[in-house]
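Residue numbering for the sequence shown follows my numbering, beginning at 76 and increasing consecutively.
Glycine included, C-beta positions come from ideal geometry on N, C-alpha and C.
Everything on this sheet refers to the single structure shown next.
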Amino acid sequence: MSCKAFIFDLDGVLTDTARYHYLAWKQLADQFGFHFDEKDNERLKGVSRIRSFEIILEINGAENRFTEEEKEKWANEKNQKYVELIRAITPDDVLPGVQAFLDDAKSRGIKLAVASASRNAPQVLESLKIADKFDYIADAGKVSKTKPDPEVFLVCRDALGLKSEECIGFEDAQAGIEAIHAAGMYAVGINVDVTSEEPDLHLKSTAELNVDRVLAAAGQA
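If you want it as structure tokens, here you go:
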């Protein structure tokens with residue numbers, strides 16, 4: 076069955092907002108006197124806002140310090156810090172090779188979607204000036220299960236009216252690769268630090284993105 080859609084994670088695949096997430100979480104961690112560094116930040120890739128805060132609490136042995144309502148409050152405060160930081164994003168922040176890859180895919184009639192855990196994805200895509208390239212952008216606020224659960228990829232698939240075997244997913248995190256596979260899709264990994272499940276195609280960076288290469292690797296050239 077031929078490929079009819081490419082479904083992308085946002086951060087680390089289309090752009091790199093990781094530094095803004097890190098700075099926002101770091102500000103919040105410092106506020107409570109918690110330890111949090113860039114190595115710790117790697118554990119937050121691909122997981123929800125609340126789960127990210129819970130990981131920071133676990134790192135500091137403070138799992139029981141806050142109620143669920145308080146966790147929500149502080150996670151939202153982190154998001155406000157993040158939103159302020161990403162106002163600086165411009166089209167220059169689109170990762171290398173992405174613009175040409177999206178344009179080539181669209182010229183071939185391949186549908187494009189974004190499967191991101193971030194509720195700020197629409198704002199980021201608008202700032203990058205690539206929002207109009209996508210046929211569907213998942214509403215993270217309506218996705219109840221985070222990666223490695225496949226829900227967000229299945230939501231995109233269904234919105235496009237396709238079958239899993241007609242979709243190829245792109246991720247930069249281990250949890251994302253597992254989510255793509257759980258959704259029954261071919262997985263392309265971008266600089267993934269593999270800890271368990273290998274992507275079907277592993278690229279070192281977005282600069283290696285090439286439609287012919289991806290389709291050939293997936294046996295759909």
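Check: Contact belief for residue 190 with residue 227 at Cβ below 8 Å, rounded distance in angstroms; Outcome: 4 Å
Check: Candidates 203, 176, 197, 184, of which the one nearest residue 167 by Cα; Outcome: 203
Check: For residue 78, the first and last residue of its enclosing beta strand (DSSP E); Outcome: Segment: none, residue 78 is in no beta strand (DSSP E) and carries neither H nor E.
Check: Residue 244, buried or exposed, once every other Cβ within 10 Å from all chains shown has been counted against 16; Outcome: buried
Check: Residues that DSSP places opposite residue 246 in a beta bridge; Outcome: 264
Check: Touching by the beta-carbon criterion (3+ pairs, under 8 Å), the segment 241–255 and the segment 215–224; Outcome: yes
Check: Environment of residue 274 [buried if 16+ CB atoms lie within 10 Å]; Outcome: buried
Check: Close beta carbons around residue 211, own chain, < 7 Å, minus the five adjacent residues each side; Outcome: 188, 231, 234, 235
Check: Collapsed DSSP secondary structure at residue 156 in the structure displayed; Outcome: helix
Check: Pick from 261, 118, 278 that is closest to residue 172, judged by C-alpha positions; Outcome: 278
Check: Proximity below 8 Å, CB of residue 134 to CB of residue 107; Outcome: no
Check: First and last residue of the uninterrupted beta strand (DSSP E) at residue 169; Outcome: Per DSSP, residue 169 belongs to no beta strand (DSSP E) and is neither H nor E.
Check: Run of the beta strand (DSSP E) containing residue 189, from where it starts to where it stops; Outcome: 186–189
Check: Cβ-Cβ distance between residue 196 and residue 87 below 8 Å; Outcome: no
Check: Same chain only: Cβ atoms within 7 Å of residue 178, ignoring 5 sequence neighbours per side; Outcome: none
Check: Inter-stretch contact (C-beta, 8 Å, three-pair minimum) for the segment 83–98 and the segment 151–166; Outcome: yes
Check: Three-way DSSP call (helix, strand, coil) for residue 224 in this model; Outcome: coil
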